[in-house]
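Asks: Sending over a structure as structure tokens; questions will come in a sec.
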Amino acid sequence: MAGKPKLHYAKGRGKMESIRWLLAAAGVEFEEEFIEKKEDLEKLRNDGQLLFQQVPMVEMDGMKMVQTRAILSYIAAKHNLYGKDLKERALIDMYVEGTTDLMGMIMTLPFQPPENKEEQTSLIFEKATTRYFPVYEKVLKDHGQDFLVGGKFSWADVHLLEAILMVEEMKPDVLSAFPLLQDFKARVSNISTIKKFLEPGSQRKFELDNKALQEIRKIFNI
1 MAGKPKLHYA KGRGKMESIR WLLAAAGVEF EEEFIEKKED LEKLRNDGQL LFQQVPMVEM
61 DGMKMVQTRA ILSYIAAKHN LYGKDLKERA LIDMYVEGTT DLMGMIMTLP FQPPENKEEQ
121 TSLIFEKATT RYFPVYEKVL KDHGQDFLVG GKFSWADVHL LEAILMVEEM KPDVLSAFPL
181 LQDFKARVSN ISTIKKFLEP GSQRKFELDN KALQEIRKIF NI
């Protein structure tokens, strides 16, 4: 029997957090080996474990997988969270890419110079409420189903919930103009595997404090 996937990354969210979310949504238990200092990352590189010299890296099914998108696609396909055909997969990919763009803006915010943070925060809210969330609201309205693609829970739903919660940490009322997304958030949050991941004590990660942020800067030379 194959062992649990092992995730190699720092203790923060970063690009690994969506992988944690998707594994948790699929009901897959996983282990984490944290990169706590620069030397830990260098050892992985020197031992030849990182194909492109970077993390996230996930040991799974006899592979040492890198590149976030490849890891997520593999997990989604393996656990039947990637649609029933190529058309559904294309829709899932498009929706996931949208939320990836939005979350990418949020992930870089802590590393912005102080003088840029207010402008960047305003830009995130603007993009969330005028470019990204209206798309998902319209999708749900147009097909009248509970989930984004094919009437079935998929990777796209997991990713969207993660993005919604990240924006809500910054602006709790960000969904005030999106009633269908409010319902979507409540519905997906109550799926048993997701509900478990949202409970205290899970492997979900939270925003970094200043000390942890400085450690991340040292590890990744930021």
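If you count the sequence shown from 1, position 118 lands on 118 in the UniProt record's numbering, and the numbers rise without skipping.
We put the beta carbon where it would ideally sit given N, CA and C, even for glycine.
(1) Going along the chain, which residues of its own chain have a beta-carbon closer than 7 Å to the beta-carbon of L208, five neighbours each way excluded?
(2) My output table needs one value for K196: the three-state DSSP class, helix, strand or coil.
(3) Distance check for E39 and L148, CA to CA, integer angstroms please.
(4) Mind checking T68: buried by the 16 CB within 10 Å criterion, or exposed?
(5) Quick check on L7: does DSSP put it in helix, strand or coil?
(6) In angstroms, rounded to a whole number, what distance separates the CA positions of L180 and T130?
(7) Taking all protein chains shown into account, do 16 or more other C-beta atoms lie within 10 angstroms of the C-beta of L123, making it buried, or fewer, making it exposed?
(8) Once DSSP output is grouped into helix, strand and coil, what is the label at K84?
(9) Between the C-alpha atoms of L140 and E59, what's the straight-line distance to the nearest angstrom?
Replies: In short, the structure shows the following:
(1) Answer for L208: G12, P110 and I216, listed in chain order.
(2) Helix at K196.
(3) 42 Å
(4) buried
(5) strand
(6) 15 Å
(7) exposed
(8) coil
(9) So the two alpha carbons sit approximately 36 Å from each other.
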